[in-house]
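Numbering-wise, our numbering puts 413 at position 10 of the sequence shown, and it's gapless, one number per residue. C-beta: ideal position from N, C-alpha, C; glycine also.
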Amino acid sequence: MSKKQPIAPIVNFFKGKDIVSISQFDRRSIETLFEHIHNLKKELHPKKTGAILINTLAALLFFEPSSRTFSSFSTAVKRLSGGTVEFHNADKVSSAVKGETLEDMGRVFENYADVIIMRHPEVGSVEKVAKVVEIPVINAGDGSGEHPTQALMDMFTLHEQFVKLDGIKGLIAGDLLYGRTVHSLLQGLSNYENVTIYLLAPKRLKLPSEIVRFLQSTKMTIVEIESEKNIPPDCHFWYWTRVQKERFSDQSEYELIKNKFILTPQLLKEKGNEDMVIMHPLPRVGEIDTRIDIDPRALYLTKQIENGIFTRMALIKLVLGR
Ligand code: NCD
Numbered sequence: 404m405s406k407k408q409p410i411a412p413i414v415n416f417f418k419g420k421d422i423v424s425i426s427q428f429d430r431r432s433i434e435t436l437f438e439h440i441h442n443l444k445k446e447l448h449p450k451k452t453g454a455i456l457i458n459t460l461a462a463l464l465f466f467e468p469s470s471r472t473f474s475s476f477s478t479a480v481k482r483l484s485g486g487t488v489e490f491h492n493a494d495k496v497s498s499a500v501k502g503e504t505l506e507d508m509g510r511v512f513e514n515y516a517d518v519i520i521m522r523h524p525e526v527g528s529v530e531k532v533a534k535v536v537e538i539p540v541i542n543a544g545d546g547s548g549e550h551p552t553q554a555l556m557d558m559f560t561l562h563e564q565f566v567k568l569d570g571i572k573g574l575i576a577g578d579l580l581y582g583r584t585v586h587s588l589l590q591g592l593s594n595y596e597n598v599t600i601y602l603l604a605p606k607r608l609k610l611p612s613e614i615v616r617f618l619q620s621t622k623m624t625i626v627e628i629e630s631e632k633n634i635p636p637d638c639h640f641w642y643w644t645r646v647q648k649e650r651f652s653d654q655s656e657y658e659l660i661k662n663k664f665i666l667t668p669q670l671l672k673e674k675g676n677e678d679m680v681i682m683h684p685l686p687r688v689g690e691i692d693t694r695i696d697i698d699p700r701a702l703y704l705t706k707q708i709e710n711g712i713f714t715r716m717a718l719i720k721l722v723l724g725r
């Protein structure tokens, strides 16, 4: 059995820890991570290769579709000269098909690799594995639960743009019920002072009440709005998300609400401002008009992606104590 405490707070000491939930991070740990990301960017940008993960293997165990996150982790490891054992579509091709438990699979892979990076459709699945293995386990998305590395790269992108996260004002739109990136991002931002977030979602996809209650118990101000008309003109960022089709049992219900809120050039003109940024965790499936892509404020196909790689590099480096 593992000697490691699962979901241990980071408290500025990353070595040997799992990254399962953003709730493990306090402000100081986030800022230490930002420093490491900055340093890696200085050293390795653009597209250089470092030696930090030489003789290191990362197991990528993905039980849910992923293109960006999977490749972002794989790129991060390989650009630091590490190797990967890759299991894409593990739900179809691994021994899980034969009925193997996640715990057994984790125990097997810790014999192969130095770190496990895992995505799975069930909330809490990554924690299950983290509890039984000695090596660090990184959550690359557990169902509609959390996506801590996405939140950290999004927060780094905001930090790079605005320097201070204190006093930041943003709009988060789309699927706030099932969107795990949103759950982690909101919780991450709640470490900062005087943060105000406007939430815009179809009624059926509002932020779960337990998350609203948690955020209300922090220093964050949450304002739920029901129409684009109520977007304040002075947001620092807009974070748009897709409706999570795969979480609906009734596809006709998905079809009805999938495009309720679309970010169009018109909306940006009416409610945006010159200094703001536009973000999206991707994939986008129609909720941001492609005419926005060439706007210099749109970071979802540029800075956000680039920062994803460096954030993952920094996290892997830190949990392995390199
Ligand atoms: C997100 C995810 O998987 O939660 N994508 C990603 O990791 N870049 C968002 C989504 O799928 O909508």
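Is the stretch 461-476 touching the stretch 491-504 in the sense that three or more CB pairs, one from each, lie closer than 8 Å? yes
Please report how far the alpha carbon of Asp726 lies from the alpha carbon of Val414, in whole angstroms. An answer regarding residue 726 cannot be provided, because it is not within the stretch 404 to 725 covered by the chain.
Alpha-carbon spacing of Arg715 relative to Thr478, whole angstroms: As a first step, residue 715 must be located in the sequence shown, where it is residue number 312. As a first step, residue 478 must be located in the sequence shown, where it is residue number 75. A straight line joining the alpha-carbon of Arg715 with that of Thr478 spans about 9 Å.
List the residues that DSSP assigns as beta-bridge partners of Tyr601. By 1-based counting over the sequence shown, the position of residue 601 is 198. Answer by DSSP bridge pairing, in chain order: Leu574, Val626.
Could you work out which residue in Val535, Met682, Leu718, Gln427 is closest to Leu561 when comparing CA atoms only? Start at 1 with the first residue of the sequence shown, and residue 561 comes out as number 158. Comparing Cα-Cα distances from Leu561 to each of Val535, Met682, Leu718, Gln427, the minimum goes to Met682.
Note down the Cα distance separating Pro551 from Ile628, rounded to an integer number of angstroms. Translated into the one-based positions of the sequence shown, residue 551 becomes position 148. Translated into the one-based positions of the sequence shown, residue 628 becomes position 225. The alpha-carbon atoms of Pro551 and Ile628 are separated by roughly 25 Å.
Shortest alpha-carbon distance to Arg725 belongs to which of Thr459, Gly711, Arg510? Along the sequence shown, one-based indexing puts residue 725 at 322. For Arg725, the nearest C-alpha among the options comes from Thr459.
Can you find the residues in the same chain that come closer than 6 Å, C-beta to C-beta, to Pro412, ignoring five residues on each side of it along the sequence? Within the sequence shown, residue 412 is the residue found at index 9, counting from 1. If we look at Pro412 and ignore the five residues flanking it on each side, its Cβ neighbours are Gln427.
Could you check whether the Cβ of Arg650 sits closer than 7 Å to any heavy atom belonging to the ligand NCD? For the purposes of this step, residue 650 is taken as residue 247 along the sequence shown, with counting starting at 1. No, Cβ of Arg650 sits at least 7 Å from all heavy atoms of the ligand NCD.
Length of the line joining the Cα atoms of Phe437 and Leu588: In the sequence shown, counting from the first residue as 1, residue 437 sits at position 34. In the sequence shown, counting from the first residue as 1, residue 588 sits at position 185. The alpha-carbon atoms of Phe437 and Leu588 are separated by roughly 15 Å.
Cα separation between Gly502 and Lys648? Position 99 of the sequence shown holds residue 502. Position 245 of the sequence shown holds residue 648. Roughly 26 Å between the two C-alpha positions.
Inter-residue spacing [alpha-carbon to alpha-carbon] between Ser405 and Val540: Here residue 405 corresponds to residue number 2 of the sequence shown, with the count starting at 1. Here residue 540 corresponds to residue number 137 of the sequence shown, with the count starting at 1. Note that Ser405 scores 49 on pLDDT, short of 50, meaning its location in the model is unreliable and no value can be drawn from it.
Validate contact between the stretch 441-460 and the stretch 576-595 using beta carbons, cut 8 Å, 3 pairs: The way I'd put it, the stretch 441-460 doesn't touch the stretch 576-595; fewer than three beta-carbon pairs between them come closer than 8 Å.
Would you please state the rounded distance, in angstroms, between the beta carbons of His639 and Gly573? I believe it to be under 8 Å. Looking up residue 639 in the sequence shown gives position 236. Looking up residue 573 in the sequence shown gives position 170. Their Cβ separation, rounded to whole angstroms, is 6 Å, which keeps His639 and Gly573 in contact under 8 Å.
Secondary structure, beta strand (DSSP E): runs of 3+ residues fully inside the stretch 638-702: 640-643, 680-682
Please return the same chain residues whose Cβ sits closer than 6 Å to the Cβ of Ser484, not counting the five positions on each side in sequence. For the purposes of this step, residue 484 is taken as the residue at position 81 of the sequence shown. Only Ala454, Leu456, Ile457 meet the Cβ criterion.
For a test of your reading of the model: does the CB of His523 fall under 7 Å from any non-hydrogen atom of the ligand NCD? Yes or no. The sequence position of residue 523 within the sequence shown is 120, counting from 1. No.
Meets three-Cβ-pair contact criterion under 8 Å: the stretch 588-603 and the stretch 470-477: no
Under 7 Å from any heavy atom of the ligand NCD, does the C-beta of His550 make it? To locate residue 550, count along the sequence shown from 1; it is residue 147. Yes; taking the cut-off as 7 Å, the Cβ of His550 has a heavy atom of the ligand NCD nearer than that.
With the ligand NCD as the reference, list in chain order each residue whose Cβ lies under 7 Å from any of its heavy atoms. Ser469, Arg471, Thr472, Gly544, His550, Gln553, Gly582, Arg583, Thr584, Thr644, Arg645, Gln647, Pro684, Leu685, Pro686
Which value, in whole angstroms, describes the spacing of the CA atoms of Val688 and Gly577? Looking up residue 688 in the sequence shown gives position 285. Looking up residue 577 in the sequence shown gives position 174. If I take the Cα positions, the gap works out to 11 Å.
Can you look up Leu460 in the DSSP assignment and give me helix, strand or coil? Here residue 460 is taken as the residue at index 57 of the sequence shown, counted from 1. The answer is strand: DSSP assigns Leu460 an E or B state.
Which residues does DSSP list as the beta-bridge partners of Asp545? Mapped onto the sequence shown, residue 545 falls at position 142. Its beta-bridge partners are His523.
Let's test the definition: count the other Cβ atoms within 10 Å of the Cβ of Glu513 and tell me whether it reaches 16, buried, or not, exposed. The residue you call residue 513 lines up with position 110 of the sequence shown. Classification of Glu513: buried, given that the 10 Å Cβ count is 16 or more.
Inter-residue CB distance, Leu666 and Asp692 (contact presumed, cutoff 8 Å): For the purposes of this step, residue 666 is identified with residue 263 of the sequence shown, where counting begins at 1. For the purposes of this step, residue 692 is identified with residue 289 of the sequence shown, where counting begins at 1. Contact flag correct, Cβ pair sits at about 6 Å.
Relative to the C-alpha of Val646, which candidate in Glu690, Lys674, Asp678, Ile634 has its C-alpha closest? The residue you call residue 646 lines up with position 243 of the sequence shown. Answer by Cα proximity: Glu690.
Have a look at Arg482, Ser469, Lys567 and flag the residue whose alpha-carbon is nearest the alpha-carbon of Glu434. Translated into positions along the sequence shown, residue 434 becomes position 31. Glu434 has its Cα closest to that of Lys567, out of Arg482, Ser469, Lys567.
Quick check on the DSSP output: what are the complete alpha helix (DSSP H) runs of length 4 or more inside the stretch 405-454, in order along the chain? 430-447
So what's Thr621 in DSSP terms, helix, strand or just coil? Along the sequence shown, read from residue 1 onward, the residue named residue 621 stands at position 218. Coil.
Decide if Gln590 is buried, meaning its Cβ has at least 16 other Cβ atoms within 10 Å, or exposed. For the purposes of this step, residue 590 is taken as residue 187 along the sequence shown, with counting starting at 1. Per the 10 Å Cβ criterion, buried.
Give me whichever residues DSSP pairs with Glu489 in a beta bridge. What you label residue 489 is simply residue 86 of the sequence shown in a count that begins at 1. Answer is Leu463, bridged to Glu489.
Pick out whichever of Lys632, Tyr642, Glu613, Ser593 has its Cα sitting closest to the Cα of Thr621. As a working note, residue 621 is residue 218 in the sequence shown. Nearest C-alpha to Thr621: Ser593.
For Val511 and Ile519, which I take to be in contact (beta-carbon distance under 8 Å), what is that distance rounded to the nearest angstrom? Within the sequence shown, residue 511 is the residue found at index 108, counting from 1. Within the sequence shown, residue 519 is the residue found at index 116, counting from 1. In fact, because the Cβ distance is near 10 Å, the residues do not count as touching under 8 Å.
Using three-state DSSP, classify Val540 as helix, strand or coil. Reading the sequence shown from its first residue, position 137 is the one you call residue 540. Three-state DSSP puts Val540 in a strand.
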